[in-house]
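Heads up: the sequence shown is residues 242 to 647, going by the working numbering. We put the CB at the ideal spot given by N, CA and C, even for glycine.
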Amino acid sequence: MALDLPGFGSLACTGSLPADMVGELTTSVIARIAAVVRGPWVLLGHSMGGKVTSSVAARTLSGNIGLFGLIGVILLAPSPPTPEPMDEDRRDTMLGWATGGPIRGSDAAEFIEQNVASPLPAADQGAVRSSITGCSPAVWRQWLTTGSKQDVSDQIGVLPLPALILGGDQDDDLGAAAQPRLHAGTYPRASYVTVPDCGHLIALEQPEFLAAAVADYLHEQSLTAPLVPDQWCALIASERTIPAVRRSLAARAIPDDPSYTPKVLSARQLTTLRLLAEVVVPQVDPAIDVAARVDAQLARGEGDGWRPDGQPPDPEAYRSALDQLAGTSIDEHTVSALIDNPALRSWFEDARVDLIRQWLGHPASMARIGYDGFAAGSIATIGRGYHLLGPGERDAWEPQELGTTL
């Protein structure tokens with residue numbers, strides 16, 4: 242689904258926007274996504290749309306809006322959450338193009354020439370020229386004077402999503418060399434890709450390179466965990482789910498990092514825990530990396546709040562037990578032996594709970610077992626809760642996709 246920003250394309254008639262330009266653009270994009278999208282989705286933004294994309298992503302993960310299912314972002318020569326670097330003479334020139342009326346064709350041609358590594362095909366050249374000459378002069382100027390200078394980094398914060406950030410090797414301000422510095426604080430999981438022989442208009446200059454990079458990103462980063470079914474995404478996005486719960490579920494639905502670096506366990510200990518998890522919580526691909534999630538849980542200091550008498554704190558208990566299991570062939574017999582092992586039984590009881598809880602806490606797992614209790618308590622919903630409690634009965638708001646086979 243392609244979305245024009247207010248002031249451009251199908252929304253070119255837009256006049257000046259409110260002072261919080263980025264906020265207004267974000268709200269516009271959110272409303273149109275929410276009206277159409279029901280399942281998992283990835284958001285792609287180019288140039289000024291990159292700043293808007295980051296803002297939309299932050300609001301979505303906050304749980305405070307009726308959106309759910311975002312599993313990644315793709316940014317092409319994006320404007321950062323901080324003020325966009327821009328040569329001031331060039332800014333003044335572009336402001337002059339939109340003074341007193343629409344941008345002229347000759348000025349649009351100059352813009353294109355400044356932003357590509359080599360001439361575009363005639364059809365693409367004409368399409369870009371028409372887009373520029375047809376945009377709202379007021380919005381064009383407002384982006385240069387206000388939107389591009391806005392610092393929304395505090396509102397956006399740190400986004401744990403897998404992100405693909407591409408920059409042209411011949412783009413002056415927003416090219417490949419600049420992007421790590423501009424976005425490192427926002428996207429710690431970003432993959433940065435240099436687009437060869439390319440200026441600022443990546444999608445038109447190097448479409449085949451872009452398509453391959455996006456396909457690799459989806460395969461390696463965004464589609465590495467179970468997807469939440471559409472009806473369940475819609476339920477989580479609805480007013481039946483309170484913002485705090487939606488925020489928690491959004492965080493759990495973020496695809497695991499295939500390059501995850503353990504925070505509490507050693508790499509060897511994490512490998513052992515993953516082998517144990519394969520037996521305790523057998524999954525089909527794509528699987529949830531429950532072992533990595535347990536390590537992250539330990540790093541946050543989270544747990545059930547108690548431990549058996551004589552047992553060390555959870556991180557220490559995990560390290561000690563996993564060291565004892567290192568090099569062992571872990572299978573169902575190993576698990577049975579752990580249950581009967583006095584020294585490891587208490588730890589294994591806790592570890593099983595931790596691993597299974599990480600699996601059950603994922604919204605895709607909730608959909609698989611047919612659990613929708615997270616949506617039964619919204620204070621904003623009239624008639625909240627369940628009304629039909631008989632065997633095989635479902636309230637109208639409950640998803641019809643109720644997987645019941647583990």
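Worksheet item: So does the region 412-422 actually touch the region 310-325, counting three or more Cβ pairs closer than 8 Å?
Response: yes
Worksheet item: Name the DSSP bridge partner or partners of residue 287?
Response: 317
Discussion item. As an exercise, report each continuous beta strand (DSSP E) stretch of at least 3 residues that is fully enclosed by the region 308-382, in chain order.
Written reply: 311-317
Discussion item. Going by beta-carbon coordinates alone, are residue 596 and residue 586 separated by less than 8 Å?
Written reply: no
Worksheet item: Exposed or buried, which one is residue 242 when buried takes at least 16 other CB atoms within 10 Å?
Response: exposed
Worksheet item: Any idea which residues DSSP pairs residue 282 with across the strands?
Response: 311
Worksheet item: What did DSSP end up calling residue 306 once you bin it into helix, strand or coil?
Response: coil
Practice prompt. Spatial neighbours of residue 303 within its chain, please: CB distance less than 7 Å, with the 5 preceding and 5 following residues excluded, ordered by chain position.
Written response: 488
Fill in: 8 Å contact criterion, which residue 246 and residue 274 should meet: CB distance rounded
With a Cβ gap of about 13 Å, residue 246 and residue 274 do not count as contacting.
Discussion item. Taking 8 Å as the threshold (C-beta atoms), are residue 513 and residue 567 in contact?
Written reply: yes
Practice prompt. Count the CB pairs spanning the region 399-418 and the region 433-444 that are closer than 8 Å, and state whether there are at least three.
Written response: yes
Worksheet item: Thinking just about the alpha-carbon of each residue, which of 529, 268, 516 is nearest to the one in residue 599?
Response: 529
Discussion item. For the region 624-632 against the region 458-470, do three or more pairs of beta-carbon atoms, one drawn from each stretch, fall closer than 8 Å, so that the two count as touching?
Written reply: no
Worksheet entry | Beta-carbon proximity list for residue 448, same chain, < 6 Å, skipping 5 on both sides | none
Worksheet item: Using the rule of at least 16 other Cβ atoms within 10 Å of the residue's Cβ for burial, across every protein chain shown, is residue 505 buried or exposed?
Response: buried
Item to complete: Can you say whether residue 467 is buried or exposed, counting buried as having 16 or more other CB atoms within 10 angstroms of its CB?
Response: buried
Item to complete: Helix, strand or coil for residue 436, going by three-state DSSP, please let me know.
Response: strand
Fill in: Euclidean distance between Cα positions of residue 432 and residue 481
36 Å
Fill in: Paired residues, beta bridge with residue 407 - DSSP
317, 434
Item to complete: Have a look at residue 389 and residue 325 and give me their C-alpha separation to the nearest angstrom.
Response: 5 Å
Worksheet item: Per the contact definition of three or more C-beta pairs closer than 8 Å, is the region 598-615 in contact with the region 484-499?
Response: yes
Item to complete: Using three-state DSSP, classify residue 547 as helix, strand or coil.
Response: coil
Worksheet item: Between 413, 281, 383, which lies nearest to residue 328 when the distance is taken from Cα to Cα?
Response: 413
Fill in: 6 Å Cβ shell around residue 339 - same chain, five flanking residues per side excluded
378, 381, 382
Discussion item. Under 8 Å, with one C-beta from each stretch per pair, do the region 469-477 and the region 278-292 reach the 3-pair mark?
Written reply: yes
Worksheet item: Which same chain residues, not among the five before or five after residue 336, have their C-beta less than 8 Å away from its C-beta?
Response: 382, 385, 386
Worksheet item: Cα separation between residue 391 and residue 356?
Response: 22 Å
Item to complete: Note down, one range per segment and in chain order, each alpha helix (DSSP H) of at least 4 residues found wholly within the region 594-629.
Response: 604-610
Item to complete: Given a cut-off of 8 Å, decide if residue 266 and residue 294 are closer than it, judged by their beta-carbon atoms.
Response: no
Item to complete: Go ahead and label residue 525 buried or exposed: buried means 16 or more other beta carbons lie within 10 angstroms of its beta carbon, across all protein chains shown.
Response: exposed
Worksheet item: Under the rule that 16 or more other beta-carbon atoms within 10 Å means buried, what is residue 395, buried or exposed?
Response: exposed
Worksheet item: Would residue 314 pass as a contact of residue 299 if the rule is Cβ separation under 8 Å?
Response: no
Fill in: Segment limits, alpha helix (DSSP H) that includes residue 262
262-275
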